[in-house]
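Student: Chains A and B supply the protein sequences, listed in that same order. Under the working numbering, the letters of the first sequence match residues 1 to 681, in that order. Under the working numbering, the letters of the second sequence match residues 1 to 681, in that order. Pasting in a structure now, in structure tokens, and then I'll have a few things to ask.
There are 2 protein chains.
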Amino acid sequence: MGTKAMDPRKSNSTPTPFFLLFSLFSLAACHEHHPLDPLTPFEQTQVQTIVKSLYQNVTFHYVGLDEPDKAAVLSWLSSPQTNQIPDRQAFVIARADSQSHEIVVNLATKEVVTDKVYDGYGYPMLTFEEQAAATQLPLTYAPFLASIEKRGLILDQVFCGSFTVGWYGSEASKRVVRLMCYYINGTINFYMRPIEGITFTVDLEEMKIIGYHDRVVVPVPKADGTDYREAVQKSTFDNHLKSITILQPDGPSFTVEGHTVRWANWEFHVAFDMRSGPIISLASIYDHKEDEYRRVMYRGFVSELFVPYMDLTEEWYYRTFLDAGEFGFGQSAVPLQPLRDCPENAMFLDGYFTAQDGTPAKISNVFCLFERYAGDIMWRHTEGALPGDLVTEVRPDVSLVLRMVSTVANYDYVIDWEFKQTGTIKVTAGLTGLLAVRGSIYTHKDQIMQEEYGTLLAENVLGPYHDHFISFHLDLDIDGETNSFVKAKLQRARVTDGRSPRKSYWRVVNETAKRESDAKINLGSGATEILVTNPNKKTKVGNDIGYRLIPRTVASRLLANDDYPQKRAAFTKYNVWVTPYNRSEKWAGGLFVDQSHGDDNLATWSLRDREIEKKDIVLWYTLGFHHVPCSEDFPIMPTLTNGFELKPTNFFDYNPMLKFKPLKQVPTPSNSTSSIHLLPQ
Amino acid sequence: MGTKAMDPRKSNSTPTPFFLLFSLFSLAACHEHHPLDPLTPFEQTQVQTIVKSLYQNVTFHYVGLDEPDKAAVLSWLSSPQTNQIPDRQAFVIARADSQSHEIVVNLATKEVVTDKVYDGYGYPMLTFEEQAAATQLPLTYAPFLASIEKRGLILDQVFCGSFTVGWYGSEASKRVVRLMCYYINGTINFYMRPIEGITFTVDLEEMKIIGYHDRVVVPVPKADGTDYREAVQKSTFDNHLKSITILQPDGPSFTVEGHTVRWANWEFHVAFDMRSGPIISLASIYDHKEDEYRRVMYRGFVSELFVPYMDLTEEWYYRTFLDAGEFGFGQSAVPLQPLRDCPENAMFLDGYFTAQDGTPAKISNVFCLFERYAGDIMWRHTEGALPGDLVTEVRPDVSLVLRMVSTVANYDYVIDWEFKQTGTIKVTAGLTGLLAVRGSIYTHKDQIMQEEYGTLLAENVLGPYHDHFISFHLDLDIDGETNSFVKAKLQRARVTDGRSPRKSYWRVVNETAKRESDAKINLGSGATEILVTNPNKKTKVGNDIGYRLIPRTVASRLLANDDYPQKRAAFTKYNVWVTPYNRSEKWAGGLFVDQSHGDDNLATWSLRDREIEKKDIVLWYTLGFHHVPCSEDFPIMPTLTNGFELKPTNFFDYNPMLKFKPLKQVPTPSNSTSSIHLLPQ
């Protein structure tokens, strides 16, 4: 939610000069690309040139790889030496002549394949540049200057941010944003100092203020206690923590070749996309019994986010953000800080997005990759029942994490894709950063006599209730494309036939979903295991090969179905959906999300109720947080965590780590491993 | 579930000679004890002497600290120099003259305070020694020898285990166990080789077989592929993992003084109990604003486990184990293996339980304590909107973990109590080890034409469906004893008054539980936050001081209320219960659990529907796993994880880690922290 008015990577996003890119790129020929590689800066520049040759005045809102047909990728993959590699194509969303264009550019032929004007509801992702321009407008806008003066504030300490406006039932709409202004004066944490009561509307096409309302004056919360920088704390306390480090004396165990990561028994491809962030492709796990890599996931990525606030006041009601489609979850990524955002043993990867004018912009350290060694146990057993010594066999758990942090204005989302040697893919979403808070007249809860839609966090600071939903597109290919979706229902059964002294037990009733409508599920109330199986492949003893979705904490949407934001984010209606693979169905909230009407999204696609049994299917899982802010979230939030796991379930014939050598561990002399004793000896 | 026939710690549990204990113990005077310290070996020996002076033939089933009155502990704690320390007392459950005794011994006066014969339903925890004796009986029992011969098995490769029998409605019962035998021949993993079809009943008082039925011959599953020891694998594979180590060059940051652990802003007391394992007491967190430690939890521990199997066959239906009360979750703990069970920076603590004859028995390394540094982020934000450089402020997360592993026969439970600097207490339960499996005639799923209550995992190996419920007794004292239990219900509200273009939102409706019946909750279907608050204390802006329970994956029981095992384990009827503090209400399944009838447990105590508002209350949370075994669980299970968090929620006035210095991190020269680049440069 919210948005950046300026590119947060400005300090290290200087576009590389074109000629330099070209000269370096010539070293790597096109056909060396993996077909799922993201566009290189050179390719982005090619796209820029080609699209600019079509339209003189054009702004680039999205530039990314035009995903090749899955069949073509898989065909190439089956024999990369002999089979044709799909042509590199770019997909562009641009604005020209006040229209939204969907443009496909073939990078091999350097031709425009399609150029389609989009005439449906909704607008493209906002660019940083237009937001930066919009947020400058107030500083010379006379009515606002009067408002600032009326409040006794210093203009050069005012900072404004831009916010998408949602949709509330009107038929016609312009491409507009709202602005919200903050007071910096004495803190970097201006988000805690809203200048409340003012509504701005800015027409982005004409880049001018078309609406202004100064409704009410509310005290600006004080700066004191809001700055989170170590350097500016008046007093700091020492928690007496001695240094702690992850040490890999022989370096990391993974390799990165092009965009392909190999580690332990895993292999996958990772790409950066300016809309979704990390895209994991072709995740496959080595099965030593079969002596081959077996595919688990063709493609997995954050498809959309939904962050509706529950505050109905005039300046807040519209805040029902779809962060990926409106602001770009990928382009909002920030450079990861070594030793802080990722541990000592991390390696960092860069990514590129496209600026409004089509120029490639680099995000340094957009991903980190590290081996996670948290002291957990992969498997163990102690056997003391047999004669002779106690047998203890333990395997410590080491996994591989790919991390990105997307800072969508005030909130920081930490997204981890974690690969475990046992075959589990674990996705964790951490929420930290700054709350969006409302300026309030109240300094104590006892003063509040009406519904205020949030928690009073500090004097004059109210933290409105809100949700965060993150929807994942998980194109699982469990040992191949032909998969089914199975609900394994754990059902209580009564014993009525006297076959046992028991009166009840539970059994498992498997239901294979035939159509999309069978796979729309809200989890939580019943005991149902969610499986994606390959009904054409069996374990040695005949079980369907499968993977199981294990959600962590389930949160379901609370908005009403007929409410506008809920229609737009109808993918949150269920926690789980399954669709047949369709190359165009990537974005759960639709392709053009800003001011969308909800007529093109996961919920509407699914109305066709297509067959999904023994098909190439896509699993959509939406994890959620209902956030009731508390004082500990002020002025900066400790990380809130949720996630899910994809766990092999009758995928292997036996524990896949049974026959692997344990991790070699070397006790370091400076660590104490001696026992200390609680009791007098 | 299941039980050890022999003490798994025999290799290092040699009782310390009495005189040696005495001479060493004289160095530490009695009054130096914290009132919640577990009994020392010297005290255990005192108890042994005193109880043996009462009864010539006595067996000790439980010996532990008789928990002093809470008021007395808190009074002492408020001024340890001046106030009276409560007398040290031991609580003993013993069998003498075929009766169960509850004996309280005062260790200061060396007197028996009470000796009560228990005449209700149920029996004490089993001892290792009586189980070892029982499991020897088959080896000379003629009908069994015939059964073994009929099956063509070698007697000296047969191993039997003992299992509690539950209760199925009969009025009178003897103190009995059932036996289940396994075939070792060629594997250490005899649990995968059940000798199926035979039922034994052993009278423990007379120590003889009183029932035997060889119902059916089923093939014994083969040994091949079942052994999990690295040393005996025919071929092992290399996952090419380079070594990875946690390094603390200056040593750990925590101290252990007596049984009191201090680390960062946390302080707590830890004791080992032979029934529950680790008991965390007086967990308090330092508030730099108040310059004092504020109490969060008076006492927290595993109260009971419930592991019912869903297999109705004659040899399996009764398996509905209550692991803590029947087998001793604490005495089943195993010595933790340095570098494997706990990372390099761990320190280890010992614990003592009491053998059947009253002699103290040591479990070396029963706990480990380590600082966990998993690469997670405690809080962060990147601010790029303001002129000047990008500001990135990140605090890596380091926490403190206390770990115990309890190996209740085949299953290994990993219990972590984790303390976070932000104030969260996170409890994680990991399940690994070996499934209890049933021998089966089937070698392929296609052969199965009837209900088999489980998954075919390998040839002739069936993994019956089962549950694991772990109930935690959480005597929270949120900033003092007077607490309330609040359900914060997130409720959809419709907008009907035109105050907003929105049609819906959600609001928070707080319900403070007045009585126990208001606090019985099954989570999952609704959106409810669970809080324990201190209504007498407020944050600066007037919010009730509180902590929130955040469950991970919720699992609710599926057995019917009128079923016998469910009556006994009625604490699983709800995920959450709240009771007023009562010194005697510690064990959710009752004190005498073996063959209990369910007439003395959390559910029956709660029928009194006592007042719980503004009282000293205890929160009970039961986490659960429904386990549908899969082939990856064979022959040894990768860890399944669940847990919960207790998170400060308006406990502090602001983020408690705002003003603490970040962890000092030193990049080590051998670690690479340089970027690698995905794209050609």
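Quick reminder that beta carbons are idealized off the backbone N, C-alpha and C, glycines included.
Report the CB separation of residue 302 of chain A from residue 276 of chain A in whole angstroms; it is logged as a contact under 8 Å.
Tutor: Position 302 of the first sequence holds residue 302 of chain A. Position 276 of the first sequence holds residue 276 of chain A. Contact holds; Cβ gap of about 5 Å.
Student: Ignore the nearest five residues each way along the sequence and tell me which others in residue 22 of chain B's own chain have a CB closer than 7 Å to its CB.
Tutor: Translated into the one-based positions of the second sequence, residue 22 of chain B becomes position 22. No answer about residue 22 of chain B holds up, because its pLDDT of 36 lies below 50 and its placement is not dependable.
Student: Can you list the residues of chain A that residue 682 of chain B reaches, using a CB-CB cut of under 9 Å?
Tutor: No statement about residue 682 of chain B is possible, as the shown extent of chain B runs from 1 to 681 and does not include it.
Student: Look up residue 291 of chain B in the DSSP assignment and say whether it is helix, strand or coil.
Tutor: Translated into positions along the second sequence, residue 291 of chain B becomes position 291. In this structure, residue 291 of chain B counts as coil in the three-state DSSP scheme.
Student: What do you reckon, are the CB atoms on residue 228 of chain A and residue 383 of chain B nearer than 7 Å?
Tutor: By 1-based counting over the first sequence, the position of residue 228 of chain A is 228. By 1-based counting over the second sequence, the position of residue 383 of chain B is 383. The answer is no: Cβ separation not under 7 Å.
Student: Grab the span of the alpha helix (DSSP H) containing residue 501 of chain A for me, first residue to last.
Tutor: The residue you call residue 501 of chain A lines up with position 501 of the first sequence. No alpha helix (DSSP H) holds residue 501 of chain A; DSSP gives it neither H nor E.
Student: Can you say whether residue 395 of chain B is buried or exposed, counting buried as having 16 or more other CB atoms within 10 angstroms of its CB?
Tutor: Here the question's residue 395 of chain B lines up with position 395 in the second sequence. That one is buried.
Student: Since residue 538 of chain B is in the alpha helix (DSSP H), which residue starts that stretch and which ends it?
Tutor: Counting from one through the second sequence, the residue named residue 538 of chain B turns up at place 538. No alpha helix (DSSP H) holds residue 538 of chain B; the beta strand (DSSP E) holding it covers 528-538.
Student: If the cut is a Cβ gap below 9 Å, which residues of chain B does residue 184 of chain A touch?
Tutor: Locating residue 184 of chain A in the first sequence gives position 184, where the first residue counts as 1. Neighbours of residue 184 of chain A on chain B, chain order: 386.
Student: State whether the segment 362-373 of chain A contacts the segment 357-371 of chain B, with contact taken as three or more CB pairs (one from each stretch) at a distance under 8 Å.
Tutor: Taking 8 Å as the limit for Cβ pairs, the verdict is that the segment 357-371 of chain B does not touch the segment 362-373 of chain A.
Student: How many Å lie between residue 473 of chain B and residue 407 of chain B at the Cα?
Tutor: Within the second sequence, numbered from 1, the residue matching residue 473 of chain B stands at position 473. Within the second sequence, numbered from 1, the residue matching residue 407 of chain B stands at position 407. If I take the Cα positions, the gap works out to 21 Å.
Student: Below 8 Å on C-beta distance, what does residue 661 of chain B contact in chain A?
Tutor: Residue numbering aside, residue 661 of chain B sits at position 661 when the second sequence is read from its first letter. By Cβ distance, chain A contributes 230, 236, 237, 238 and 239.
Student: Against residue 374 of chain A, what residues of chain B qualify as contacts under a CB-to-CB distance less than 7 Å, listed in chain order?
Tutor: Mapped onto the first sequence, residue 374 of chain A falls at position 374. The answer, in chain order, is 372 and 374.
Student: Note down, one range per segment and in chain order, each beta strand (DSSP E) of at least 3 residues found wholly within the segment 163-227 of chain A.
Tutor: Complete beta strand (DSSP E) runs here, min 3: 176-183, 198-203 and 208-214.
Student: Kindly list, in the order they appear in chain B, the residues whose Cβ is closer than 9 Å to that of residue 277 of chain A.
Tutor: Along the first sequence, one-based indexing puts residue 277 of chain A at 277. Chain B residues near residue 277 of chain A: none, gap ~14 Å exceeds 9 Å.
Student: For the ligand HEM, is there any heavy atom lying closer than 6 Å to the beta carbon of residue 500 of chain A?
Tutor: Among the components of this structure there are no ligands whatsoever, and the ligand HEM is therefore not found.
Student: What residues in the segment 494-521 of chain A bring their beta carbon closer than 9 Å to a beta carbon of chain B?
Tutor: Within the segment 494-521 of chain A, the residues whose Cβ lies closer than 9 Å to some Cβ of chain B are 494, 495, 499, 500, 501, 502, 503, 504, 505, 506, 507 and 508, listed in chain order.
Student: Under a three-way DSSP split, which group does residue 96 of chain B fall into?
Tutor: Numbered from 1 along the second sequence, position 96 holds the residue referred to as residue 96 of chain B. Reduced to three states, the DSSP call for residue 96 of chain B is strand.
Student: Contact between the segment 546-556 of chain A and the segment 574-585 of chain B is defined here as three or more beta-carbon pairs at a separation below 8 Å; is this criterion met?
Tutor: The segment 546-556 of chain A vs the segment 574-585 of chain B: no contact.
Student: Cβ atoms of residue 642 of chain A and residue 619 of chain A: under 7 Å apart, would you say?
Tutor: Here residue 619 of chain A corresponds to residue number 619 of the first sequence, with the count starting at 1. Here residue 642 of chain A corresponds to residue number 642 of the first sequence, with the count starting at 1. It is not a contact, given that the beta carbons lie outside the stated cut-off.
Student: Against residue 317 of chain A, what residues of chain B qualify as contacts under a CB-to-CB distance less than 8 Å, listed in chain order?
Tutor: Here residue 317 of chain A corresponds to residue number 317 of the first sequence, with the count starting at 1. Chain B residues near residue 317 of chain A: 500, 501 and 502.
Student: In the DSSP output, which residue or residues are listed as bridge partners for residue 741 of chain B?
Tutor: No answer is possible for residue 741 of chain B: it lies beyond the span of chain B, which begins at 1 and ends at 681.
Student: Would you mind stating whether residue 201 of chain A and residue 162 of chain A have Cβ atoms separated by less than 7 Å?
Tutor: In the first sequence, the residue the question calls residue 201 of chain A occupies position 201. In the first sequence, the residue the question calls residue 162 of chain A occupies position 162. In this structure, residue 162 of chain A does not lie closer than 7 Å to residue 201 of chain A by Cβ.
Student: Could you give the uninterrupted runs of the beta strand (DSSP E) lying entirely in the segment 84-132 of chain B, keeping only those of 3 residues or more?
Tutor: Correct list: 89-96, 99-106 and 111-118.
Student: In the DSSP assignment, what are the bridge partners of residue 484 of chain A?
Tutor: As a position in the first sequence, residue 484 of chain A is number 484, starting the count at 1. For residue 484 of chain A, which the question treats as bridged, DSSP gives the partners A/533.
Student: Report the neighbours of residue 537 of chain B on chain A: residues whose CB is nearer than 9 Å to its CB, in chain order.
Tutor: On the second sequence, residue 537 of chain B is found 537 positions in, with the first residue counted as 1. Result: empty, since nearest Cβ-Cβ is about 13 Å, beyond 9 Å.
Student: Counting only Cβ-Cβ distances shorter than 8 Å, please list the residues of the segment 555-589 of chain A near chain B, keeping chain order.
Tutor: Those would be 555, 556, 558, 559, 560, 562, 563, 564, 565 and 566, in chain order.
Student: Answer with buried or exposed for residue 496 of chain A, where buried requires no fewer than 16 other C-beta atoms within 10 angstroms of its C-beta.
Tutor: Reading the first sequence from its first residue, position 496 is the one you call residue 496 of chain A. Flag for residue 496 of chain A reads exposed.
Student: Pick out whichever of A/469, A/498 and A/614 has its Cα sitting closest to the Cα of residue 684 of chain A.
Tutor: Residue 684 of chain A falls outside the range modelled here, since chain A spans only 1 to 681, and no answer is possible.
Student: At the level of alpha carbons, what is the spacing between residue 559 of chain B and residue 471 of chain B?
Tutor: Taking the second sequence and counting its residues from 1, one reaches residue 559 of chain B at position 559. Taking the second sequence and counting its residues from 1, one reaches residue 471 of chain B at position 471. Distance between the alpha carbons of residue 559 of chain B and residue 471 of chain B is about 17 Å.
Student: Scan the segment 387-450 of chain B and note each continuous beta strand (DSSP E) run of 3 residues or more that stays entirely inside, going in chain order.
Tutor: The qualifying runs are 391-396, 399-408, 411-420 and 425-433.
Student: Going by C-alpha distance, which of B/528, B/585, B/476 and B/327 is nearest residue 127 of chain B?
Tutor: Numbered from 1 along the second sequence, position 127 holds the residue referred to as residue 127 of chain B. Out of B/528, B/585, B/476 and B/327, B/327 has the C-alpha closest to the C-alpha of residue 127 of chain B.
Student: In three-state DSSP terms, what is residue 611 of chain B?
Tutor: Locating residue 611 of chain B in the second sequence gives position 611, where the first residue counts as 1. Here residue 611 of chain B sits in strand by DSSP.
Student: Mind listing which residues of the segment 257-271 of chain B have their C-beta closer than 7 Å to chain A's C-betas, in chain order?
Tutor: Result list: 259, 264 and 265.
Student: Is the number of C-beta pairs between the segment 146-157 of chain B and the segment 169-187 of chain B that are closer than 8 Å three or more?
Tutor: Yes, they touch.
Student: So residue 529 of chain A contacts chain B; which residues on that side make the cut at Cβ distance below 7 Å?
Tutor: Position 529 of the first sequence, counting from 1, holds the residue named residue 529 of chain A. Per Cβ cutoff of 7 Å: 628.
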